[in-house]
Amino acid sequence: MLNALRPQPQDKILQLIQMYKEDPRDAKIDLGVGVYKDANGLTPVMRAIKTAEKQLWESETTKSYTNLSGDPAYTAAMQDLILGDSVTSDRLSAIATPGGTGAIRQALELVKIANPDATIWLSNPTWPNHPSIIKFLGLPIAEYRYFDAESRGVDFDGMLADLARAKKGDMVLLHACCHNPTGANLTLPQWSVVADLLEKTGAIPFIDNAYQGFGDGLDEDAAGLRLLASRLPELLIAASCSKNFGIYRERTGILIAVAPNAEMHGVVQQNLAFLNRQNFSFPPDHGARLVSMILTDPALRADWQQELEAVRLNMLSLRESLASELQRLSGSDRFGFLAQHRGMFSRVGATPEQVEALRRDHGVYMVGDSRMNIAGLNAQSVPVLAKAIIDVGV
Ligand code: LMR
1 MLNALRPQPQ
11 DKILQLIQMY
21 KEDPRDAKID
31 LGVGVYKDAN
41 GLTPVMRAIK
51 TAEKQLWESE
61 TTKSYTNLSG
71 DPAYTAAMQD
81 LILGDSVTSD
91 RLSAIATPGG
101 TGAIRQALEL
111 VKIANPDATI
121 WLSNPTWPNH
131 PSIIKFLGLP
141 IAEYRYFDAE
151 SRGVDFDGML
161 ADLARAKKGD
171 MVLLHACCHN
181 PTGANLTLPQ
191 WSVVADLLEK
201 TGAIPFIDNA
211 YQGFGDGLDE
221 DAAGLRLLAS
231 RLPELLIAAS
241 CSKNFGIYRE
251 RTGILIAVAP
261 NAEMHGVVQQ
271 NLAFLNRQNF
281 SFPPDHGARL
291 VSMILTDPAL
301 RADWQQELEA
311 VRLNMLSLRE
321 SLASELQRLS
331 GSDRFGFLAQ
341 HRGMFSRVGA
351 TPEQVEALRR
361 DHGVYMVGDS
371 RMNIAGLNAQ
381 SVPVLAKAII
391 DVGV
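Written out as structure tokens, the structure reads:
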């Protein structure tokens, strides 16, 4: 049986981690995988997580199973963090999942049970694991225009023209904020126009919310999805705690299904729990428990929000200094978009050859489509990167 296996395509983002490690040069810059790093290049455990872990160690009396859908305190706290009061809680069903990727996978499996003919519409470009999982599950897939390569902003007219072709029951995957890989995001008025279009077509939003708090703030980053939730009958939301709680390896995520009415809660919740049971049974609890402890304890929550805000502001200031250094070196405003983009990523607009030259000649590692992880920079590396970008001719 095993001799029938053929190599699978390698994940381009994860591949970069290894390549960077193997590069012997001291002066190398890692702008690859989406992990937050501080000025020393470290990914620290957040203070509130450390405190919660200590409290948990002292108070936890059992490691017995939790609930198939996850700890209810976790799902309730996350629903509140993500949706605020945009929708009444009796319309919500949710499961804890292993990370945001686990939530995406469960959402797509739910679609496959409910409507296997639904086309999943993806922004062009999107996080490469989106199409990979969708193809793996054999669901129909389509793309909508999203990024304008010239302005490095959103091609909103193209997006609307393509999404007008979505059928009733199709799923439209939207990034809640901090679009991965481009960094270009919808404005709130644009979210409202998207809501009008979805109302008209009957296509259903499927929101990937992996970076809440990394863009304009916790509530600001959820404003678009809350607007959709307040207006549309159905919604799927896959969210991750990897980045905003810095607990990447704990695999902490959630899938939330917003149903048209409270009567549907029972069957939706039962299907979600069924999917957990089929795929891995009980979801991991450690990260989820830390998150619910933080979100429900005012002092821990305040400390977490303060540290998250510092992370966000650090990325913003790196963006601004990179944009101004590039303005100085290029004598033009053509890199101004870097300060407009939000979140960890920006697609700088280098060709594959230029990305290769950046790696080969300057030790700068970014994804092949020229996605840079802004958090991989610090005050020393900003001018080095800016010079390298100009040197290779971007
Ligand atoms: C990324 O896009 O770099 C992150 O979401 C990490 C990953 O799993 O790809």
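Numbering (the UniProt record's numbering), first residue to last: 1 to 394.
Ideal Cβ placement from N, Cα and C applies to all residues, glycine included.
- Relative to the ligand LMR, even the nearest heavy atom lies 7 Å or more away from the CB of Ile113.
- Annotation for Ile13 indicates a beta carbon within 7 Å of some heavy atom of the ligand LMR.
- For Trp127, the CB falls within less than 7 Å of some heavy atom of the ligand LMR.
- Under the DSSP assignment, Thr201 falls in the alpha helix (DSSP H) whose first and last residues are Leu188 to Thr201.
- Rounded to whole angstroms, Pro352 and Phe156 show a C-alpha spacing of 25 Å.
- Arg360 carries a helical assignment under DSSP once its states are collapsed to helix, strand and coil.
- Bounds of the alpha helix (DSSP H) holding Thr296 are His286 to Thr296.
- The region 293-308 and the region 266-285 do not touch, with fewer than 3 CB-CB distances between them shorter than 8 Å.
- Per DSSP, the unbroken alpha helix (DSSP H) holding Val111 starts and ends at Gly99 to Ala114.
- In the three-state DSSP reduction, Val258 falls in the strand class (E or B).
- Looking only at Ser240, Ile207, Arg277 and Gly202, the smallest Cα-Cα distance to Gly224 is reached by Ile207.
- According to the DSSP assignment, Ile120 belongs to the beta strand (DSSP E) that extends over Ile120 to Asn124.
- In the DSSP annotation of this structure, Phe337 is not part of any beta strand (DSSP E); the continuous alpha helix (DSSP H) holding it starts and ends at Phe337 to Gln340.
- A Cβ-Cβ distance of about 15 Å is found for the pair Ile294 and Ala96, leaving them out of contact under the 8 Å criterion.
- Buried is the label assigned to Asp162, since at least 16 other Cβ atoms lie within 10 Å of its Cβ.
- By alpha-carbon distance to Leu198, the top candidate from Gln327, His179 and Lys167 is Lys167.
- In the DSSP assignment, Glu58 falls outside any beta strand (DSSP E) and within the unbroken alpha helix (DSSP H) covering Arg47 to Ser59.
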